[in-house]
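In this text, residue positions in the sequence shown follow our numbering: the first is 426, and each later residue adds one.
Using N, Cα and C, we set each Cβ at its ideal position, and we do this for glycine too.
None of these values were measured; they are calculated from a predicted model.
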Amino acid sequence: MLEGLHPALHLNWLGPLYSLSTILTDLFCAFIIVATIAALWRRYVQRVRRLQLEGDRIEAAVILVTIFAIVTSLLLLNTARVRLGTDYSWAVRPIASLLAPILPLDHTAFEIFWWMHIVLILAFTNYLPYSKHLHVLTSLPNVFFSPIEFPRQIPTVDFSAEDAATFGVRDIEDFSWKTLLDGYTCTHCGRCTSVCPANQTGKVLDPRQIIIAINRRTMEKGPLLLKLRDWADNALREDLRTAAHQLLRGKRAEEMTEPERTVFETVFSEEERAIWNRRLVGDYIAPEALWACTTCGACMQECPVNIEHVPAIVGMRQALVMMEASFTEESALLPNVYSNLETNAVPWGGMAHADRAAWAEGIGIKTAAEDSAMEVLFWVGCAGSYDERAKSIARAFATLMQHAGVDFRILGAEECCTGDPARRTGNEYLADTLTQQNIETLARYSVRTIVTICPHCYNTLKNDYPRFGGNYHVMHHTQFLQQLIEQGRLRISQAELDRVTVAYHDSCYLGRYNNEYDAPRALLENVPGLEVLDVERSRDRGFCCGAGGGRMFMEEHVGEKVNHNRTRELLSTGATTIAANCPFCMTMLTDGVKAADQADRVRVLDVSELLAEAITRRSNGSASPAEQ
């Protein structure tokens, strides 16, 4: 472009650096030509499912063809330079040099391709801000401002703010700037959707469409917010200026006071008022899509530009729950869950809070109230305390700790739900209440180290509680057991049983959220006679069981059940045992095995139960528990 202004404005004076630049430019052009052809082939010939986004076909074609034309014209004009012998002395163009003897390009061709290249660049630069290809500009800042680690936390709600107009996210003004930037950064690649367990089992949820909808609403309402802000800054009357600032917080027509309505009708045209009154959830995003989310985080794991889908979804859930008490058919049971949590601090009904320690009767476990001096606190969780299947996991783990000589305690009736079901389903107020109550209890006993059998409790205690002043060393029971083995405090019998094949399921909140994939596998590998089979979707590409994000307490009527899909994959390995590390996963996978009519052939066990079996073999053999 500079050469077009004056022939002397070139970079040949850089010498060898210019040679390197021209080599890279030539190779880059060839690579982009091949890449755009491949992209067009995948999108329009192979028709890869995740790339078939309604409304994107024409725009995607325009962008790809334009990019192809830009780099092709550059390569051809450089080829003409080489053929005509007018190239710069330090220029080295390997691809153009190969094409020059083949293509009969003259000076006229050089002029045509030069102008074509310049015009296309200028046109595309002007088109870019109005296209989905804007992500080439926003991706870098979006990735830069993203958390270094996996985004584990969801939006906080400041209930102490006296001037708070809304709780949660009702419209774009309630989102963080990062979420709005996410909307401009989305590449529409569909990778998030292709790994979403809800979408892959026929639910209405499409993580890509959630982000696109947020951006579309931002593009529509954003100019109105700017217009209203400018009007407020110039308003002469204090009451109208105050009313305008109230409107900027997202008030809807039915919530406006008389002065606010006056400002609303003065500032905006009828068409603009109609845009303002649209609802993000309802007009742009189906509420069923929000409630279908398991918060597994696969979408965020897969996104190449670090978009945070789950915090946005949970933020909108917060508004639905705390502002509107709005639920769909599948989430209709949640008010009962909240009521149970408020009454007995457990999500299931018919459970007495006083029975939290009933699972431990007869096995010699002390509560912190009986003796507060402890090595670790065993946080049992609601499932381990009340669910019949999960109680056996709690007992197995407690037995292993006793074998290892661990001095541990439980809270018993003083333990409350960590608040995870309430927090992930949008009832942040209830979650905060439970959090504060638990932190007070833990502080009373000066608890520093906590171990739990539930990844949901683990994630909440480890990553959510520090925001409320609860700082602890939190370990999942598989991590703790592996530590005991490494320390020599827990030894496993080397006497092999008949060959046992195991398909291991990675839970989302231990694996993807907390990057722990090795400890459970290391435990399984320590059990003689046990063979762990490969599962296609595993580790950070693992597939959700369907219980996360409060889905454990919701109905599932649309499409295939997520747990059936996951169980079918685990069963396809031919394993005789499915191993899990989470009570919720245990419930979902057990149900899946029964639905597949495989309950007589396949066992579903927690990793600690498999380890306990090995310890039992040792205790019943030549070794004694004292050796542990």
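Counting C-beta atoms within 10 angstroms of its own C-beta, residue 691 has fewer than 16 neighbours from the protein chains shown and is therefore classed as exposed. Contact between the segment 967-976 and the segment 720-730 is present: 3 or more CB-CB pairs across the two stretches fall below 8 Å.
In this structure, the straight-line span from the alpha carbon of residue 1017 to that of residue 984 is close to 15 Å. In the structure shown, the three-state DSSP call for residue 473 is coil. Inclusion of residue 659 and residue 746 in the CB contact set at 8 Å is not warranted, their separation being larger than that value. The beta carbon of residue 958 is closer than 6 Å to those of 926, 928, 998, 1000 in its chain, skipping five residues each way along the sequence. Scanning the segment 733-778 for uninterrupted alpha helix (DSSP H) segments of 4 residues or longer gives 734-747, 759-769, listed from N- to C-terminal end. Looking at the DSSP output, residue 1031 bridges to 1005.
For a cut-off of 8 Å, the C-beta gap from residue 972 to residue 1012 is around 7 Å, short enough to register as a contact.
By a beta-carbon distance limit of 8 Å, residue 1036 contacts residue 825. Their separation comes to about 6 Å. Between the C-alpha atoms of residue 850 and residue 743 there is a straight-line separation of about 7 Å. In the DSSP annotation of this structure, the continuous segment of the beta strand (DSSP E) that includes residue 926 starts and ends at 925-929. Taking the Cα positions, residue 696 is about 15 Å away from residue 688. Excluding residues up to 5 positions away in sequence, 590 lie with their Cβ nearer than 6 Å to the Cβ of residue 674 in the same chain. Burial check for residue 676: the Cβ neighbour count within 10 Å reaches 16 or more, so the residue is buried. Annotation: residue 644 is outside any beta strand (DSSP E); the continuous alpha helix (DSSP H) that includes it extends over 632-659. In the DSSP secondary-structure assignment, residue 956 is bridged to 926. Listed in chain order, the non-local C-beta contacts of residue 580 below 6 Å within the same chain comprise 736, 740, local neighbours out to five positions each way being set aside.
Closest in C-alpha terms to residue 553, from the list 491, 447, 606, comes 491. Fully contained in the segment 684-720 are the following alpha helix (DSSP H) runs of length 4 or more, in chain order: 695-701, 712-717. Just so you know, the alpha carbons of residue 931 and residue 522 end up roughly 53 Å apart.
The way I'd put it, the segment 496-506 does touch the segment 525-534; three or more beta-carbon pairs between them come closer than 8 Å.
Minimum Cα-Cα distance from residue 754 among the listed residues 976, 775, 816 corresponds to 976. Sequence-distant Cβ neighbours of residue 664 in its own chain, meaning closer than 7 Å and more than five residues away, are 684. Inter-segment contact for the segment 439-456 and the segment 589-605 is absent: fewer than three beta-carbon pairs are separated by less than 8 Å.
For the segment 487-557, the continuous alpha helix (DSSP H) assignments of 4+ residues that do not extend past its boundaries occur at 519-524, 532-552, in sequence order.
Within the segment 774-832, the complete beta strand (DSSP E) runs of at least 3 residues fall at 801-804.
About 5 Å separates the CB atoms of residue 1032 and residue 1006; that is less than 8 Å, so the two are in contact. Within its own chain, the residues whose Cβ lies closer than 6 Å to the Cβ of residue 836, once the five positions on either side in sequence are excluded, are 793, listed in chain order. Judged by DSSP secondary structure, residue 987 falls outside any beta strand (DSSP E) and instead within the alpha helix (DSSP H) spanning 987-996. By the Cβ rule, the segment 608-616 counts as touching the segment 726-734, because three or more pairs are nearer than 8 Å. In its chain, beyond the 5 residues on either side, 888, 938 have a beta carbon closer than 6 Å to the beta carbon of residue 577.
When rounded, the separation of the alpha-carbon atoms in residue 456 and residue 500 is 11 Å. DSSP places residue 900 inside the beta strand (DSSP E), whose first and last residues are 898-901.
Between the alpha carbons of residue 592 and residue 748 lies a distance of about 7 Å.
Going by DSSP, residue 864 is part of the alpha helix (DSSP H) stretching over 853-869.
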